[in-house]
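Residue 864 is where the sequence shown starts when you use the working numbering, and the numbers rise one by one after that.
Reviewing the structure listed below.
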Amino acid sequence: MPLASSTRLIFLLVLLISGAAAGEPNAKIDEASSRPSPLGINFHRIRPHSTELTFVDIFRTSRRWKAKSRSRSDTPPRDRNPSQAPALDVDEHGWVRSLAPNQRVESGLLTTLNGRLPSGTYTLLHEGSGSIDISGARLEVTGPGQYDVHLKGKTRSLSVRIRSTNPADPIRNIRVILPGFRSSYRQKPFHPDFLDRWDRFQVVRFMDWMETNDSKIERWSDRPLVEDWAQGTDAGVALEILIDLANTLGADPWFSIPHLADDEYVRNFAALVKKRLDPGLRAYIEYSNELWNGQFEQAQYARRRGRALGLAKDTDLAGLRFTARRSVEIFAIFEEVFGGTDRLVRVLPSQYSSPLKGREILSFEKAYEHADVYAVAPYFGGRLTGKNSDRLREGSVDALLAELGKEMEGHAEMMRNNAKLAEEFGLRLVAYEGGQHLRGPRGDDRFTQLLTDANRHPGMAALYAQHLANWKEAGGTLFVHFSSMGKYGDTGSWGALEWPDQGRAEAPKYRALLDFISRNPRWW
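Set out below in structure tokens:
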């Protein structure tokens, strides 16, 4: 059967299946076929506004400290503005060492769960002395620096507030433990539901957890540490935590090396991965993220460096060539540290819609000879919704899904073109990201609602099934979905799920991913 006909048939069949599955939230999945898996997952950013409950200690994802006046009524208006308040006195890990007169600080937790806070008794722990409380909760002292935390009514979010602290022994090492994990949070820091949710994905990409886009990290001393006050900062999550999560899941980690990182950083990074990563796992190594994408600072940096090194007069071409050269330099450091390539997967990425750019990266200075995979991002729907918001806004979800279905054959052809390029250079084709890309103009509430409704519609599962089937048939291998979980809105509907308590019946994208894993054991 011709591919165009077969993909349409797949779409129609899976549309029926996904609609039926919507009424079966506890449908059994064939666990025997879950390993080895053909799919990976990009984890959503670790931020206080994230909806994913990653850690059982939720203070690890807390918001940046915000200084406030203790008594607004007695404070001049100028001092009520946090931007004009005295600079916070914090230590090298971000813990508050002292407070100015009439000053307190607070840090928000789980700010976008919209009342979906887990029920039960929380635990607040800290070292040091002072006065601390949590908004929306009543604290019951159970010991020095230890409290039972009882939520008040329909609390929608939490904030930890330090009202006073002893400069000689400041409040620090704050932990807010979810109900039921007081005795195990040290040994088992990751939420068991989070682990169960992603257990069937063979690769976990940490691009967002490393805050790769526009990263400021240059030296090893710039890296985030486990001891830092939170992991949801601009520096990203500590490497030790990334490795520990990969080990716990039994999944290969995919690391995105910061574009400014010097050789010493790369060497120390590689050494820590070699030392800490389970020897049965392999590390995917990629230089930064989307160095061809001009919206990111790393792309501008690559272009500047390429021009400065005389790699090309054309700015874009210089950036592509620098991407190839620096990638190979990073690979060489990892190979030296690891003593070979057996535990490494070396990634050369490029733009999905432009195989010409990929050819330039692969061929420059024979970079392909030092790589294992060629990576692209097969998204669908981006061009359709980006250029047709006026036309589509007045239509229905069914009409939008039908138009998305029509563009599938074009994506199948693009996949085949990328697969041919990878094969020409002797590399395996993988997807570093992929999935739907429905995103319209920011502030257009009506169009945003249409796009989010489409992401929640059972028909989206059918589109995913067709897209993944096309990928497999075209010659693609590993497909790393973007992304795990996140709130839908005018910045996109990227998550396979929206909320930690969301059932499969309400999550067509997640359901489609699990179904594909069950029906398609790894084929390469």
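Ideal placement from N, C-alpha and C gives every residue a C-beta, glycine not left out.
Apart from sequence neighbours up to five positions away, the residues of its chain that approach residue 1197 with a beta-carbon distance below 7 Å are 1133, 1148 and 1207, ordered along the chain. Separation of the CB atoms of residue 970 and residue 1023 is rounded to 5 Å, and the pair is thereby assigned contact status at 8 Å. Looking at the DSSP output, residue 952 shares a beta bridge with 961. Counting only runs that start and end inside the segment 1272-1319, the beta strand (DSSP E) elements of at least 3 residues fall at 1291-1294. Under DSSP, residue 1238 forms a beta bridge with 1212 and 1293.
Excluding five sequence positions before and after residue 1222, the CB atoms of its chain that fall closer than 7 Å to its own CB belong to 1284, given in chain order. In the three-state reduction of the DSSP assignment, residue 931 falls in the strand class. Within the same chain, Cβ atoms closer than 6 Å to the Cβ of residue 1385 are found at 899 and 901, the five residues on either side in sequence being excluded. Taking C-alpha positions only, residue 1267 is separated from residue 1304 by approximately 18 Å. Distance between residue 1257 and residue 1313, taken at the CA atoms: about 9 Å. Contact check for residue 1168 against residue 1178 fails: the beta carbons are separated by 9 Å or more. Per DSSP, the unbroken alpha helix (DSSP H) holding residue 1248 starts and ends at 1245-1250.
In the displayed model, residue 1126 falls within a helix according to three-state DSSP. The C-alpha of residue 1139 is placed about 7 Å away from the C-alpha of residue 1106. Scanning its chain for C-beta atoms nearer than 8 Å, with the 5 sequence neighbours on each side dropped, one finds around residue 968 the residues 928, 929, 930, 931, 951, 959, 962, 1024 and 1025, in chain order. Residue pairing by DSSP places residue 1024 opposite 969 and 996 in a beta bridge.
Your pair residue 1042 and residue 1119 does not check out as a contact, with CB atoms roughly 34 Å apart and the cut at 8 Å. In the DSSP assignment, residue 1190 falls within the alpha helix (DSSP H) that extends over 1178-1201. The beta-carbon separation of residue 1348 and residue 1360, rounded to 5 Å, stays under the 8 Å limit for a contact. Pairwise C-beta distances place the segment 1316-1325 out of contact with the segment 1270-1284, as fewer than three of them are shorter than 8 Å. The alpha-carbon separation between residue 1340 and residue 1186 amounts to approximately 23 Å. A Cβ-Cβ distance of about 6 Å is found for the pair residue 1099 and residue 1072, placing them in contact under the 8 Å criterion. Beta-carbon to beta-carbon, residue 1155 and residue 1213 are separated by about 6 Å, close enough to satisfy the 8 Å threshold. Using a 10 angstroms sphere on the CB of residue 1060, the tally of other CB atoms reaches 16 or more, which defines it as buried. Measuring C-alpha to C-alpha distances from residue 1078 to each of 1096, 1027, 1006 and 1067 identifies 1096 as the nearest. Checking the DSSP bridge columns, you'll see residue 1117 partnered with 1068 and 1147. Sequence-distant partners of residue 1235 (beyond 5 residues in either direction) whose C-beta falls short of 6 Å from its own C-beta, in its chain, are 1208 and 1209.
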